[in-house]
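Trainee: Chains as they are written, first to last, in the working numbering: chain F, 43 to 365; chain A, 106 to 644.
Glycine residues also receive a C-beta, built at the ideal position from the N, C-alpha and C atoms.
Fair warning: this is a prediction, and the values are worked out from it, not measured in the lab.
My questions all concern the structure below.
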Amino acid sequence: MWQYTFKRLLLTIPTLFGAALLVFFLLRLIPGDICMVRLGGTGALVDPAQIEQCRVELGLDKPVILQFFAWIGGFFVFDLGTSMWTGRPISEEIGLRFALSLQIAVMATIISILIAIPLGTISAVKQDTWIDYVVRVISIGGIAIPSFWLGIVIILGLLIVTQNWFGEPWMPPINYRPIWEDPAHNLAQTIWPALAIGYRYAAVATRMTRSTLLEVLREDYVRTARAKGLVEHLIINRHALRNALLPVITIIGIEFAFLMGGLVVTEQVFNLNGIGKLLVQSVSQNDYTMTQALVMLVVIVFVLSNFVVDLAYAWLDPRIRYR
Amino acid sequence: MTRFRKTLMGTALAGAAALLAQVAGAEEPQRGGTLHFVVPDEPPSFDGHRETTFAAVHPIAPFYSLLVRVNPDNPSSTTDFVCDLCTEMAKPEDGGKRYTFQIREGVEFHDGTPLTAHDIVATFQKIIDPPEGVGSARKQYFEMVESVSAPDDKTVVFQLKYASGAFMPALANPFNYVYSKAKLDEDPHWYEKNILGTGPFKFTDRQAGASMSGERYENYHFEGRPYLDGWQATFAPKQSVRVQAIRGDRAAIEFRGFPPKSRDDLKEALGDQITVQESDWNCLLIVTPNQKRKPMDDARVRKALTLAIDRWGGSEYLSEIAIVKTVGGIAFPGHPLAATKEELQEMAGYWPDIERSRAEAKRLLEEAGYAGGLDIVMNNREIDQPYKIVGTWLIDQWRQVGIRATQEVRPTGPFYDQLRTKKEWDVSLEFNCQTIVNPLLDVSKYISEDKSGSQYGGYIDRELDEMFEEMNRAPEEEKQREIMRAYEKRILDEQVHSMITLWWYRIVPHRSYVKGWKISPSHYINQDLSNVWLDKSLM
Numbered sequence: 043m044w045q046y047t048f049k050r051l052l053l054t055i056p057t058l059f060g061a062a063l064l065v066f067f068l069l070r071l072i073p074g075d076i077c078m079v080r081l082g083g084t085g086a087l088v089d090p091a092q093i094e095q096c097r098v099e100l101g102l103d104k105p106v107i108l109q110f111f112a113w114i115g116g117f118f119v120f121d122l123g124t125s126m127w128t129g130r131p132i133s134e135e136i137g138l139r140f141a142l143s144l145q146i147a148v149m150a151t152i153i154s155i156l157i158a159i160p161l162g163t164i165s166a167v168k169q170d171t172w173i174d175y176v177v178r179v180i181s182i183g184g185i186a187i188p189s190f191w192l193g194i195v196i197i198l199g200l201l202i203v204t205q206n207w208f209g210e211p212w213m214p215p216i217n218y219r220p221i222w223e224d225p226a227h228n229l230a231q232t233i234w235p236a237l238a239i240g241y242r243y244a245a246v247a248t249r250m251t252r253s254t255l256l257e258v259l260r261e262d263y264v265r266t267a268r269a270k271g272l273v274e275h276l277i278i279n280r281h282a283l284r285n286a287l288l289p290v291i292t293i294i295g296i297e298f299a300f301l302m303g304g305l306v307v308t309e310q311v312f313n314l315n316g317i318g319k320l321l322v323q324s325v326s327q328n329d330y331t332m333t334q335a336l337v338m339l340v341v342i343v344f345v346l347s348n349f350v351v352d353l354a355y356a357w358l359d360p361r362i363r364y365r
Numbered sequence: 106m107t108r109f110r111k112t113l114m115g116t117a118l119a120g121a122a123a124l125l126a127q128v129a130g131a132e133e134p135q136r137g138g139t140l141h142f143v144v145p146d147e148p149p150s151f152d153g154h155r156e157t158t159f160a161a162v163h164p165i166a167p168f169y170s171l172l173v174r175v176n177p178d179n180p181s182s183t184t185d186f187v188c189d190l191c192t193e194m195a196k197p198e199d200g201g202k203r204y205t206f207q208i209r210e211g212v213e214f215h216d217g218t219p220l221t222a223h224d225i226v227a228t229f230q231k232i233i234d235p236p237e238g239v240g241s242a243r244k245q246y247f248e249m250v251e252s253v254s255a256p257d258d259k260t261v262v263f264q265l266k267y268a269s270g271a272f273m274p275a276l277a278n279p280f281n282y283v284y285s286k287a288k289l290d291e292d293p294h295w296y297e298k299n300i301l302g303t304g305p306f307k308f309t310d311r312q313a314g315a316s317m318s319g320e321r322y323e324n325y326h327f328e329g330r331p332y333l334d335g336w337q338a339t340f341a342p343k344q345s346v347r348v349q350a351i352r353g354d355r356a357a358i359e360f361r362g363f364p365p366k367s368r369d370d371l372k373e374a375l376g377d378q379i380t381v382q383e384s385d386w387n388c389l390l391i392v393t394p395n396q397k398r399k400p401m402d403d404a405r406v407r408k409a410l411t412l413a414i415d416r417w418g419g420s421e422y423l424s425e426i427a428i429v430k431t432v433g434g435i436a437f438p439g440h441p442l443a444a445t446k447e448e449l450q451e452m453a454g455y456w457p458d459i460e461r462s463r464a465e466a467k468r469l470l471e472e473a474g475y476a477g478g479l480d481i482v483m484n485n486r487e488i489d490q491p492y493k494i495v496g497t498w499l500i501d502q503w504r505q506v507g508i509r510a511t512q513e514v515r516p517t518g519p520f521y522d523q524l525r526t527k528k529e530w531d532v533s534l535e536f537n538c539q540t541i542v543n544p545l546l547d548v549s550k551y552i553s554e555d556k557s558g559s560q561y562g563g564y565i566d567r568e569l570d571e572m573f574e575e576m577n578r579a580p581e582e583e584k585q586r587e588i589m590r591a592y593e594k595r596i597l598d599e600q601v602h603s604m605i606t607l608w609w610y611r612i613v614p615h616r617s618y619v620k621g622w623k624i625s626p627s628h629y630i631n632q633d634l635s636n637v638w639l640d641k642s643l644m
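See the structure below:
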């Protein structure tokens, strides 16, 4: 097991290097210039000398290959550099946003697990009954409805309902406070996006739980357990569900990693100052250093979550042994 | 007079007096409270001297003072400048080539150090002649300045190379934050990441990408102000969030402006709790023909394009859906140097009879060899308000004279790359958005490519350059106006180097409890919040 863990960790190095190479050079293919966007973006008078000076200041006048090695060298000693747009250290710019994105991802994952596993199980156990049909409608709805749209509906719904009931419209806070500083404010802001995202996330996991559980329930060992006279809830919980969860765990792992950088629109709808919003801003501002750092961050989260999922397999199914 | 009448009159008078007192009382500024507002963007750095975005004004201007500013009690005026850090407006000396300002006594920076004339000099030297490696976005605005000096601690002298009507508006630019000489001497980049001014509010907090806030500066040089205890600016790039934030009272105002639909939605939802302020806006969308490409090198084709556009009609219906409204020439409508409606109607593209105008456009196209129609490519920016809306409108206008335009919409970076470098377009939409209304400088965009930093049509027109020089050196407004008309006619009618579409229209719906803030023609000016107060009876 330790040997496997070590090998997997070693494999992350070429993965990260490949991702770094791709993101660095692909970004340079996007037309545009951060200095022009910054100085000429308002259409005001621009001094071409100022634009040139800005390029020199940001090191954009140097050969691309030198820029690459300067960046990658810093990356491997955990120095992400400074944002070309704000001039501030990237770690400082990402810090607060990472905490928020992580919190939303964890909350959405918990919500989705709390919804998906019971609903998926009930749906499989009560296959082709009205309960199954209701669960299937709910889960298909979750897959079909985009999270950002649900987010817009939630905000408008809150505004309209509170105005009608209490006379004053209420909407979730639009500025972030860490949960340890002001839990009420924090939850009032984060619970709604977590619900909107968690619902879609749960819908995928519910369908996966249902279909894998249905397969497992038809296995010989389940039939044997029933023949032995074991009570149904023990058969489901102890024998069937545990084995059925392997693909569900994979889905949850991938979705979790996706949530760390892929909530671009939902973050904007709720004005969440997260990683996704920052990624969009930095791409539109041609902020190379920030975009590179963010993409690498998302890659690391994906690599790590896949790794954790693999380890979880061994825990869930003792027959799996890694070498 | 009967007793009843006397009683009635007495009651009426008492009622009227009470009402007057109430009204007067309601408008008496109240101290206290925190103003929450939303800003569509985050400032790249804190240094106003190097930035050009309004995001470096709305959450930063409250920390700073200016030497001269637009009158906060009359910000809609384009020519009313008053002192901020000076004691009285300088009179032109030496034939308009020297201005001497006396600096207020007792002004202190937020760290307690006193402000002197040397701080003002250091500030303007950084703007006009920045040290090596330091950016200044408005260096070109001060072409006329020869030197800035401080003969003593309380006097600042600007010596100009030539008298220019553009000097005072340039001086009042809202980005000209007055910095501490000591800090600039320590590190000319210090103000990019730090804040230290003499403005009405002290910096308290910044959350990267989320918000900035300030608290009242008790030693502010205007006694009794500011009224607010503090403010918090929340960055919200999405327009719908900003609108809903005002509706849900998470923010009281957004100072840039909303489209008409958002104004109507807020009014419908909140009625009297929303107050709307509107103004012409010193921003405009321009169609620039690429004169380095055929057929845009032919003035007849360019003229046909402008003749096809029904600006008067467009003003009426586009203003219902977009942030554009006013028909104007190259100078801000309403400014003394701007064309009147009658003067405009004499120029191509502004004729009152659109049918006649389009018939002439077709004739010109036929004469230029495009009787069967013409296909062109239009470069546009991927922003709805008002770029894509106006772009789509233009396609329909040109279609009516046989010009088939393909709109290529790009995000900001690639859009500017096309506009400035690649130039694979026949016409491009671009915008010109200025701070202080200063037509003499604002129209510098149209001079020859090798002289202007922001002319993308690719033409050289020396006659135009001479007019521009002459206009800027003419001391009398009457003479300036006369040259401006000729300059404008050459750009918009004779050569059609550019086509003005419509000027923007600023709509700011805000919570009615926000008082003391007055709209101006620019979203950059009058933003230090020193006059703003909250009416607690309406909260």
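Could you give the DSSP three-state label for residue 378 of chain A: helix, strand or coil?
Mentor: Locating residue 378 of chain A in the second sequence gives position 273, where the first residue counts as 1. Helix at residue 378 of chain A.
Trainee: Might you give, ordered along the chain, the residues of its own chain that have their beta carbon closer than 7 Å to the beta carbon of residue 159 of chain A, omitting 5 neighbours on each side?
Mentor: Position 54 of the second sequence, counting from 1, holds the residue named residue 159 of chain A. Correct list, in chain order: 361, 628, 629.
Trainee: For residue 645 of chain A, which residues in the same chain have their Cβ closer than 8 Å to its Cβ, ignoring the five residues on either side in sequence?
Mentor: Residue 645 of chain A lies beyond the stretch modelled for chain A, which goes from 106 to 644, so this question has no answer here.
Trainee: Is the distance from the Cβ of residue 143 of chain A to the Cβ of residue 359 of chain A below 7 Å?
Mentor: If you number the second sequence from 1, residue 143 of chain A lands on position 38. If you number the second sequence from 1, residue 359 of chain A lands on position 254. Cβ distance < 7 Å, so residue 143 of chain A and residue 359 of chain A count as in contact.
Trainee: Using 8 Å as the cut-off, can you tell me whether the region 336-356 of chain A makes contact with the region 214-221 of chain F, which would need three or more C-beta pairs spanning the two stretches below that distance?
Mentor: They touch, by the three-pair rule.
Trainee: Does any residue of chain A bring its CB to less than 7 Å from the CB of residue 218 of chain F?
Mentor: Numbered from 1 along the first sequence, position 176 holds the residue referred to as residue 218 of chain F. With 7 Å as the cut-off, residue 218 of chain F counts as an interface residue toward chain A.
Trainee: Which two residues bound the contiguous beta strand (DSSP E) that contains residue 163 of chain A?
Mentor: Taking the second sequence and counting its residues from 1, one reaches residue 163 of chain A at position 58. That residue, residue 163 of chain A, is in no beta strand (DSSP E); it is neither H nor E in DSSP.
Trainee: Taking 7 Å as the threshold (beta carbon to beta carbon), is residue 316 of chain A in contact with chain F?
Mentor: Along the second sequence, read from residue 1 onward, the residue named residue 316 of chain A stands at position 211. Residue 316 of chain A counts as touching chain F.
Trainee: For a contact meaning CB atoms closer than 7 Å, what does residue 348 of chain F contact in chain A?
Mentor: Within the first sequence, numbered from 1, the residue matching residue 348 of chain F stands at position 306. What residue 348 of chain F touches in chain A: nothing, since even the nearest Cβ is about 28 Å away.
Trainee: When the distance is taken between beta carbons, is residue 442 of chain A closer than 7 Å to residue 586 of chain A?
Mentor: If you number the second sequence from 1, residue 586 of chain A lands on position 481. If you number the second sequence from 1, residue 442 of chain A lands on position 337. Yes, Cβ-Cβ distance for residue 586 of chain A and residue 442 of chain A is below 7 Å.
Trainee: With 9 Å as the limit, tell me which residues of the region 510-530 of chain A have their beta carbon closer than that to any beta carbon of chain F; keep them in chain order.
Mentor: So the close ones are 515, 516, 517, 518, 519, 520, 521, 522, 523, 524, 525, 526, 527.
Trainee: State yes or no: is the C-beta of residue 543 of chain A within less than 7 Å of the C-beta of residue 389 of chain A?
Mentor: By one-based count along the second sequence, residue 543 of chain A stands at place 438. By one-based count along the second sequence, residue 389 of chain A stands at place 284. No; because the gap between Cβ atoms is not below 7 Å, this pair is not in contact.
Trainee: Quick one: is residue 297 of chain A near chain F, going by C-beta distance under 7 Å?
Mentor: Walking along the second sequence from the start, residue 297 of chain A turns up at place 192. With 7 Å as the cut-off, residue 297 of chain A counts as an interface residue toward chain F.
Trainee: Mind checking if residue 368 of chain A is an interface residue toward chain F, Cβ cutoff 7 Å exclusive?
Mentor: Position 263 of the second sequence, counted from the start, is the residue given in the question as residue 368 of chain A. Answer no: the Cβ-Cβ gap between residue 368 of chain A and chain F never drops below 7 Å.
Trainee: Between F:162, F:178, F:137, which lies nearest to residue 317 of chain F when the distance is taken from Cα to Cα?
Mentor: On the first sequence, position 275 is the one that residue 317 of chain F refers to. Per the Cα distances, F:137.
Trainee: Taking any Cβ of chain F, which residues in the region 333-353 of chain A have a Cβ under 9 Å from it, in chain order?
Mentor: From the region 333-353 of chain A, only 337, 339, 340, 341, 342, 343, 345, 346, 347, 349, 350, 352, 353 have a Cβ closer than 9 Å to chain F.
Trainee: Pick from A:271, A:254, A:297: whose alpha carbon is nearest that of residue 201 of chain A?
Mentor: Within the second sequence, residue 201 of chain A is the residue found at index 96, counting from 1. The shortest C-alpha separation from residue 201 of chain A is found at A:271.
Trainee: Which two residues bound the contiguous beta strand (DSSP E) that contains residue 196 of chain A?
Mentor: Taking the second sequence and counting its residues from 1, one reaches residue 196 of chain A at position 91. Segment: none, residue 196 of chain A is in no beta strand (DSSP E) and carries neither H nor E.
Trainee: Residues of chain A with CB closer than 7 Å to the CB of residue 80 of chain F, please, in chain order.
Mentor: Within the first sequence, residue 80 of chain F is the residue found at index 38, counting from 1. Here the neighbours are 149.
Trainee: At 3 residues or longer, and completely inside the region 596-641 of chain A: list those beta strand (DSSP E) runs for me, N to C.
Mentor: If we require 3 residues or more, the beta strand (DSSP E) runs fully inside the region 596-641 of chain A come out as 604-616.
Trainee: State buried or exposed for residue 67 of chain F, treating a residue as buried only when at least 16 other CB atoms are found within 10 Å of its CB.
Mentor: In the first sequence, the residue the question calls residue 67 of chain F occupies position 25. Exposed, since its Cβ has fewer than 16 Cβ neighbours within 10 Å.
Trainee: Mind checking if residue 56 of chain F is an interface residue toward chain A, Cβ cutoff 7 Å exclusive?
Mentor: If you number the first sequence from 1, residue 56 of chain F lands on position 14. No, no contact with chain A.
Trainee: What are the residues that DSSP puts in a beta bridge with residue 142 of chain A?
Mentor: Locating residue 142 of chain A in the second sequence gives position 37, counting from the first residue. Residue 142 of chain A pairs with A:338, A:358.
Trainee: Rounding to the nearest angstrom, what Cα-Cα distance links residue 53 of chain F and residue 297 of chain F in this structure?
Mentor: Taking the first sequence and counting its residues from 1, one reaches residue 53 of chain F at position 11. Taking the first sequence and counting its residues from 1, one reaches residue 297 of chain F at position 255. Going by the C-alpha atoms only, they are around 22 Å apart.
Trainee: At which residue ranges does the region 177-244 of chain F contain complete alpha helix (DSSP H) runs of 4 or more residues, listed in the order of the chain?
Mentor: Runs of the alpha helix (DSSP H) inside the region 177-244 of chain F: 189-208.
Trainee: So which residues on chain A does residue 97 of chain F lean against when the C-beta distance must stay under 8 Å?
Mentor: To locate residue 97 of chain F, count along the first sequence from 1; it is residue 55. Going along chain A, no residue has its Cβ under 8 Å from residue 97 of chain F, so there is no contact; the nearest lies around 11 Å.
Trainee: Residues of the region 154-173 of chain A with a CB closer than 9 Å to any CB of chain F: list them in chain order, please.
Mentor: Here the close residues are 155, 156, 157, 158, 159.
Trainee: Any C-beta of chain A within less than 8 Å: which residues of the region 297-313 of chain F qualify?
Mentor: Flagged, chain order: 310, 311, 312, 313.
Trainee: Less than 7 Å between C-beta atoms, sequence neighbours within five positions excluded: which residues of the same chain meet that for residue 110 of chain F?
Mentor: As a working mapping, residue 110 of chain F is identified with position 68 in the first sequence. Cβ neighbours of residue 110 of chain F beyond the five flanking positions: 66.
Trainee: Is residue 333 of chain A helix, strand or coil when you go by DSSP?
Mentor: Looking up residue 333 of chain A in the second sequence gives position 228. Coil.
Trainee: With a threshold of 8 Å, are at least 3 pairs of Cβ atoms found where one atom belongs to the region 405-424 of chain A and the other to the region 591-604 of chain A?
Mentor: With the cut-off at 8 Å, the region 405-424 of chain A and the region 591-604 of chain A touch.
Trainee: Since residue 430 of chain A is in the beta strand (DSSP E), which residue starts that stretch and which ends it?
Mentor: Here residue 430 of chain A refers to the residue found at position 325 of the second sequence. From DSSP, the beta strand (DSSP E) with residue 430 of chain A extends over 429-431.
Trainee: Does the region 263-271 of chain F come within contact of the region 174-191 of chain F, defined as at least 3 CB pairs closer than 8 Å?
Mentor: As far as the Cβ criterion goes, the region 263-271 of chain F does not touch the region 174-191 of chain F, which means the pair count is below three.
Trainee: Three-state secondary structure (DSSP) at residue 485 of chain A?
Mentor: Taking the first residue of the second sequence as 1, we reach residue 485 of chain A at position 380. Strand.
Trainee: Decide if residue 232 of chain F is buried, meaning its Cβ has at least 16 other Cβ atoms within 10 Å, or exposed.
Mentor: Taking the first residue of the first sequence as position 1, residue 232 of chain F is located at position 190. Classification of residue 232 of chain F: buried, given that the 10 Å Cβ count is 16 or more.
Trainee: Kindly indicate which residue of F:338, F:55, F:293, F:105 has the alpha-carbon position closest to the one of residue 133 of chain F.
Mentor: Here the question's residue 133 of chain F lines up with position 91 in the first sequence. When only C-alpha atoms are compared, the closest one is F:338.
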